[in-house]
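Residue numbers (my numbering), protein chains in the order written: chain R, 4 to 205; chain F, 35 to 757.
Here a beta-carbon is modelled for each residue, glycine too, at the ideal position from N, C-alpha and C.
All figures in this text were calculated on a predicted structure; none of them were measured in a lab.
Down below is the structure, laid out as structure tokens.
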Amino acid sequence: MPNPPHHANTHTRRTVLKSTTVAAASTALLPDAASGAASPAAANPGDVVRVTLSVNGRSRVVDVEPRVTLLDALRERLGLTGTKKGCDRGECGACTVLVDGERIKSCLTLAVMRRGSEITTVEGLADGDRLHPVQAAFIRHDAFQCGGCTSGQIMSAVACVREGHTGSEAEIREWMSGNLCRCACYQNIVAAVADAAREVRR
Amino acid sequence: MNGLVGRPVERVEGHAKVTGTARYPADDPVPGALHGFLVTSTVARGEVTDIDTSAALGHPGVVAVYTHREMPRLTVPPFPYPKGFIPLQGTAIHHAGQPVAIVLAETLEQAQEAASLVQVRYRSEPPRAVIDDAGQQPYLPPPFRDRPNEFTRGDASRALAQAEVRVEAHYSSPTRHHNPIEPHATTAHWDGDRLTLHETTQGVNVTRGVVATAFGLPADRIRVLAPYLGGGFGAKGPVWPHTIVNAAAARLARRPVRLVLSRAQMFTLTGHRAEFRQHLKIGATREGRLTAIVETTTAQLTTTEESIFNESDSTSTLYTCPNVHIRQEGVRLDIATSSYMRSPETTAHFGLETALDELSWVLGVDPLELRRRNHTDIDQETGLRIASKHLLDCYTTAADAFGWSRRNPAPGATRDGDEYIGWGMATEAHTFSAIPATASVTIGLDGKAVLRIATQDIGTGTRTIICQIGADALGVPITDVHAVIGDSALPNASLSAASATIASISGPVDRAARTARDTVVGLAVADRRSPLFGVPVSDVETRHGHLIHTRDQARRDTYRAVVSRAGKPVETTGSVPNVPGHSYGVVFAEVRVHARLGAVRVTRVVTAHDMGRVMNRRTARGQVLGGVTWGIGHALMEHTVYDRATARVVNPNLSTYLVPVCADVPSVETLFVDRPDPSSTALGARGFGETPITGVPAAIGNAVYHATGRRVRDLPITQDKLL
Numbered sequence: 004m005p006n007p008p009h010h011a012n013t014h015t016r017r018t019v020l021k022s023t024t025v026a027a028a029s030t031a032l033l034p035d036a037a038s039g040a041a042s043p044a045a046a047n048p049g050d051v052v053r054v055t056l057s058v059n060g061r062s063r064v065v066d067v068e069p070r071v072t073l074l075d076a077l078r079e080r081l082g083l084t085g086t087k088k089g090c091d092r093g094e095c096g097a098c099t100v101l102v103d104g105e106r107i108k109s110c111l112t113l114a115v116m117r118r119g120s121e122i123t124t125v126e127g128l129a130d131g132d133r134l135h136p137v138q139a140a141f142i143r144h145d146a147f148q149c150g151g152c153t154s155g156q157i158m159s160a161v162a163c164v165r166e167g168h169t170g171s172e173a174e175i176r177e178w179m180s181g182n183l184c185r186c187a188c189y190q191n192i193v194a195a196v197a198d199a200a201r202e203v204r205r
Numbered sequence: 035m036n037g038l039v040g041r042p043v044e045r046v047e048g049h050a051k052v053t054g055t056a057r058y059p060a061d062d063p064v065p066g067a068l069h070g071f072l073v074t075s076t077v078a079r080g081e082v083t084d085i086d087t088s089a090a091l092g093h094p095g096v097v098a099v100y101t102h103r104e105m106p107r108l109t110v111p112p113f114p115y116p117k118g119f120i121p122l123q124g125t126a127i128h129h130a131g132q133p134v135a136i137v138l139a140e141t142l143e144q145a146q147e148a149a150s151l152v153q154v155r156y157r158s159e160p161p162r163a164v165i166d167d168a169g170q171q172p173y174l175p176p177p178f179r180d181r182p183n184e185f186t187r188g189d190a191s192r193a194l195a196q197a198e199v200r201v202e203a204h205y206s207s208p209t210r211h212h213n214p215i216e217p218h219a220t221t222a223h224w225d226g227d228r229l230t231l232h233e234t235t236q237g238v239n240v241t242r243g244v245v246a247t248a249f250g251l252p253a254d255r256i257r258v259l260a261p262y263l264g265g266g267f268g269a270k271g272p273v274w275p276h277t278i279v280n281a282a283a284a285r286l287a288r289r290p291v292r293l294v295l296s297r298a299q300m301f302t303l304t305g306h307r308a309e310f311r312q313h314l315k316i317g318a319t320r321e322g323r324l325t326a327i328v329e330t331t332t333a334q335l336t337t338t339e340e341s342i343f344n345e346s347d348s349t350s351t352l353y354t355c356p357n358v359h360i361r362q363e364g365v366r367l368d369i370a371t372s373s374y375m376r377s378p379e380t381t382a383h384f385g386l387e388t389a390l391d392e393l394s395w396v397l398g399v400d401p402l403e404l405r406r407r408n409h410t411d412i413d414q415e416t417g418l419r420i421a422s423k424h425l426l427d428c429y430t431t432a433a434d435a436f437g438w439s440r441r442n443p444a445p446g447a448t449r450d451g452d453e454y455i456g457w458g459m460a461t462e463a464h465t466f467s468a469i470p471a472t473a474s475v476t477i478g479l480d481g482k483a484v485l486r487i488a489t490q491d492i493g494t495g496t497r498t499i500i501c502q503i504g505a506d507a508l509g510v511p512i513t514d515v516h517a518v519i520g521d522s523a524l525p526n527a528s529l530s531a532a533s534a535t536i537a538s539i540s541g542p543v544d545r546a547a548r549t550a551r552d553t554v555v556g557l558a559v560a561d562r563r564s565p566l567f568g569v570p571v572s573d574v575e576t577r578h579g580h581l582i583h584t585r586d587q588a589r590r591d592t593y594r595a596v597v598s599r600a601g602k603p604v605e606t607t608g609s610v611p612n613v614p615g616h617s618y619g620v621v622f623a624e625v626r627v628h629a630r631l632g633a634v635r636v637t638r639v640v641t642a643h644d645m646g647r648v649m650n651r652r653t654a655r656g657q658v659l660g661g662v663t664w665g666i667g668h669a670l671m672e673h674t675v676y677d678r679a680t681a682r683v684v685n686p687n688l689s690t691y692l693v694p695v696c697a698d699v700p701s702v703e704t705l706f707v708d709r710p711d712p713s714s715t716a717l718g719a720r721g722f723g724e725t726p727i728t729g730v731p732a733a734i735g736n737a738v739y740h741a742t743g744r745r746v747r748d749l750p751i752t753q754d755k756l757l
């Protein structure tokens with residue numbers, strides 16, 4: 004049996020995908036599900052549910068199939084294309100966002116699982132024109148080239164600093180190794196993270 | 035002159051990239067666009083006997099499913115369309131992963147699921163996946179891009195037979211994939227017979243030309259946009275079939291269509307570095323002077339094309355050697371087409387630089403000293419003196435920084451706890467092209483300059499360097515200069531590949547900007563309202579956006595005032611040819627090899643490079659860091675694995691195709707000689723980007739030998755090969 008709806012956040016993408024129809028039906032029962040979704044028995048592929056997401060401090064309503072990942076909801080439905088899709092399998096880290104302050108790979112979670120969570124993407128880091136210390140450090144240290152992984156690196160770095168995993172260069176390297184950079188700016192990313200950590204601690 | 039060229043200027047697009055506002059080709063909103071998804075072949079050799087699309091067509095949101103039955107007949111373009119055939123034009127299957135249908139749906143999820151519902155039946159034959167299974171003798175393919183695959187100088191076999199010392203060995207490397215973080219993406223939008231493509235490409239004009247050929251359209255009906263690119267490394271240089279198939283589908287559906295390849299599809303649809311074998315025989319004097327090189331290489335080809343991308347340029351040109359015989363052979367396999375990948379000569383370069391290390395041990399000569407003895411300033415192909423080559427300075431600079439003179443030459447002599455420590459080195463070299471280009475400059479009524487050129491910034495810093503050049507030539511702050519690139523409607527430029535970009539576009543940008551400056555100065559001195567009226571143009575200098583009388587600094591005007599008084603923008607173009615050549619360098623590496631586990635860690639790297647003038651030390655350094663890391667990946671981990679029964683890629687993802695992560699690479703000390711090349715019209719710069727990496731796999735392998743006494747000639751150097 005699938006988990007009841009109020010345990011939806013404990014689903015992994017895999018368990019949800021394995022029981023798509025049932026999950027869709029369960030989700031359709033949730034309070035903010037689309038009223039037109041009718042009864043569980045009527046839930047079909049293509050049916051959508053209405054989900055309210057809190058993204059970068061703003062409440063955003065999006066109609067998605069239950070199988071839609073948070074990543075695709077952000078990029079394809081909310082126009083937040085700063086978050087990148089590199090592998091869609093949780094291997095590269097390009098899609099890293101913060102959910103309730105923790106870094107997660109948004110391709111490995113479904114949008115419907117993240118109602119009630121506070122989601123931060125790269126577009127939500129800067130305070131108006133004032134860059135987040137990690138963003139500024141990435142420019143200062145030339146911690147990117149093509150930029151394909153940069154959003155994910157920066158979100159991961161924000162969490163890495165907050166987690167306190169910046170005690171040494173080796174520690175930063177280890178805790179930033181979930182984000183691939185094919186241009187290989189690793190040395191500069193490490194310098195940027197260390198620098199931003201110093202600034203945040205000040 | 036502001037003197038921006040040569041300074042480590044921060045990337046001008048930095049803010050856009052760290053805030054997520056830089057729009058990459060898959061980010062551009064295209065109203066009404068459908069999502070496409072490819073259905074690909076599960077067999078590697080045979081033909082499609084039946085396709086049932088009914089279940090897919092019945093899936094919610096699906097608009098169309100196209101197979102070879104519906105697709106229009108298209109023309110197969112020549113290189114830079116390297117594939118030799120266009121999928122969905124017939125029933126023949128040439129490799130696993132070949133597209134056999136494309137599904138169009140309203141959402142990405144619908145397209146992906148419906149693609150899994152397309153039922154394809156095949157007639158299949160046993161495929162050949164690796165060189166060992168080719169079942170045929172390697173053969174000499176016809177010239178590729180007018181370059182013959184056999185090359186001779188002097189009498190190599192005779193010189194080899196007479197050589198005082200000989201080294202002979204076989205070197206090899208597996209298939210490797212580029213794996214840029216950004217997947218290939220294309221969005222096709224037709225308006226009548228006009229086509230706009232939002233395309234992940236290293237060459238907007240190359241894509242335009244190839245697509246025009248495929249559809250039989252004049253090139254000016256097609257516009258290709260790639261304002262940003264999330265990594266290419268060669269994978270986005272040629273045009274691949276998904277672009278053509280998607281454009282054809284969009285035309286049939288009469289809707290814009292966006293197609294983004296999955297990571298797995300990138301392992302069969304976007305090229306790779308071919309599996310490669312190298313049989314090398316070197317003859318030398320007892321002092322270590324090369325007298326003969328005989329090399330035969332074998333690369334994977336396909337049944338649809340015979341292109342050799344792993345060139346042996348280093349073998350024939352890197353050192354002085356009067357007798358050389360190179361044959362670049364191939365075997366046809368039933369896997370996807372290979373292509374150029376960052377520094378194509380790296381595969382052959384690995385063998386050459388390893389063989390030199392082997393020769394150094396045979397002779398008892400220090401490996402660095404051996405390379406010095408074979409150094410040359412003469413172009414080995416033309417016999418002419420190279421105008422500017424500072425490789426010997428690179429050797430000295432990097433060796434000093436690394437501490438090479440402290441090296442204990444005995445293998446396996448240095449141990450620290452459970453690890454053996456070894457030092458190795460190798461020369462680096464890479465050719466660069468110079469491709470004709472034109473740039474334009476517009477000075478607006480606000481006095482600000484817009485530089486336009488149809489080049490691309492694939493992460494190498496092109497956009498920033500264009501702005502540095504333009505700002506210097508005009509005498510304005512870099513903040514008053516904006517570069518518009520990545521659009522085929524702009525003045526002509528070519529691929530961001532073959533390390534050609536800086537060599538090709540710097541001169542044109544500089545010329546266009548200087549002409550614009552002279553035009554504005556001319557307007558000022560002819561304008562009675564200008565404080566510079568009547569001043570000879572040779573007495574006017576430009577600095578920080580001002581036009582200033584050189585001998586009376588109080589008499590000055592501004593770009594903004596001059597152009598706004600003129601009432602219309604100043605527009606100029608520039609075009610300056612350049613010549614191709616080589617950039618050089620050296621890499622020193624330290625490795626630690628676990629005595630019982632065989633695990634290799636690279637713990638220290640020092641490089642020095644001669645690239646002519648260093649345009650921007652910050653972006654140049656980025657190329658070195660990237661190249662060294664790629665070299666570490668090639669030396670120690672990267673390896674595409676094929677199932678030999680089905681010829682499918684076994685590891686088409688980033689958890690089993692290993693690329694270096696942050697913890698895999700040490701800090702690299704990057705040094706530059708930085709002397710302008712007088713023969714370059716690119717402000718003294720040479721093409722450089724692919725030079726670092728070429729020597730890295732050999733330097734690491736040579737260090738592993740020094741650490742352990744074990745010579746691994748088959749890359750990657752994985753633990754099993756050292757146990």
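- In chain order, Phe147, Gly150, Thr153 make up the part of chain R whose C-beta sits under 7 Å from the C-beta of lysine 51 (chain F).
- Residue environment for glutamate 202 (chain R): exposed (fewer than 16 other C-beta atoms within 10 angstroms of its C-beta).
- In terms of beta-carbon proximity, tyrosine 374 (chain F) stays away from the interface with chain R, with every pair separated by 8 Å or more.
- The beta carbon of proline 356 (chain F) sits closer than 6 Å to the beta carbons of Gly188 from its chain, once the five residues preceding and following it are set aside; these are given in chain order.
- In the displayed model, threonine 430 (chain F) falls within a helix according to three-state DSSP.
- Counting of Cβ neighbours within 10 angstroms places alanine 679 (chain F) among the exposed residues, the total staying below 16.
- The continuous beta strand (DSSP E) containing methionine 459 (chain F) extends over residues 453 to 466.
- Between alanine 527 (chain F) and alanine 471 (chain F) the beta-carbon gap is near 4 Å, inside 8 Å, which marks them as a contact.
- With its beta carbon less than 8 Å from one in chain F, alanine 187 (chain R) belongs to the interface.
- Cβ neighbours of aspartate 411 (chain F) within its own chain (closer than 8 Å, five residues either side excluded): Arg419, Ile420, Lys423.
- Three or more Cβ pairs drawn from the region 179 to 189 of chain R and the region 79 to 96 of chain R lie within less than 8 Å of each other, which places the two stretches in contact.
- A direct Cα-to-Cα measurement between leucine 397 (chain F) and threonine 186 (chain F) gives close to 26 Å.
- Interface criterion not met: the Cβ of aspartate 708 (chain F) is under 8 Å from no Cβ in chain R.
- Across the set R:Asp198, R:Tyr189, R:Val58, R:Arg204, the C-alpha of R:Val58 shows the shortest separation from the C-alpha of serine 120 (chain R).
- Classified as exposed, glutamate 321 (chain F) has fewer than 16 neighbouring CB atoms from the shown chains inside 10 Å of its CB.
- Rounded to the nearest angstrom, the gap between the Cα atoms of serine 701 (chain F) and cysteine 188 (chain R) is 10 Å.
- With a cutoff of 8 Å on beta-carbon distance, lysine 87 (chain R) and glycine 151 (chain R) are scored as near each other.
- Among the residues of chain F, those whose CB is under 8 Å from the CB of alanine 129 (chain R) are Thr53, following chain order.
- Note on geometry: alpha-carbon atoms of valine 110 (chain F) and leucine 122 (chain F) lie some 12 Å from one another.
- Using beta-carbon distances, valine 702 (chain F) counts as an interface residue toward chain R, with a partner under 8 Å.
- Within 10 angstroms of the beta-carbon of arginine 585 (chain F) lie fewer than 16 other beta-carbons, which makes it exposed.
- Going by DSSP, valine 695 (chain F) is part of no alpha helix (DSSP H) at all; its letter is neither H nor E.
- The bridge partners DSSP lists for aspartate 145 (chain R) come to none.
- With a minimum length of 4 residues, the unbroken runs of alpha helix (DSSP H) contained wholly in the region 297 to 346 of chain F fall at 300 to 303.
- Chain-order list of chain R residues neighbouring tyrosine 739 (chain F): empty, with the shortest C-beta distance near 25 Å, by a criterion of under 7 Å.
- By the Cβ neighbour-count rule, asparagine 191 (chain R) is buried, with 16 or more other Cβ atoms within 10 Å of its own.
- Inter-residue distance for histidine 212 (chain F) and valine 695 (chain F) is about 15 Å (C-alpha atoms, whole angstroms).
- Any Cβ of chain R closer than 8 Å to the Cβ of isoleucine 215 (chain F) would place that residue at the interface, and such an atom is present.
- Within chain R, the residues Thr84 have their CB atoms less than 7 Å from the CB of aspartate 61 (chain F), given in chain order.
- The CB of asparagine 687 (chain F) comes closer than 8 Å to the CB of Cys90, Arg92, Glu94 in chain R, given here in chain order.
- For arginine 720 (chain F), the CB contacts under 7 Å within the same chain, skipping 5 residues up- and downstream, are Phe466, Ala537, Gly615, Ser617, Met645, Gly646, Asp711, Ser714 in chain order.
- If you look at threonine 381 (chain F), you'll find it isn't in any beta strand (DSSP E); it sits in the alpha helix (DSSP H) that goes 380 to 397.
- For the region 648 to 688 of chain F, the continuous alpha helix (DSSP H) assignments of 4+ residues that do not extend past its boundaries occur at 651 to 670, in sequence order.
- Cβ contact annotation for leucine 479 (chain F) (same chain, cutoff 6 Å, sequence separation greater than five): Val597, Ser598, in chain order.
- Near chain F, meaning a CB-to-CB distance below 8 Å, the residues of the region 107 to 124 of chain R are Thr124.
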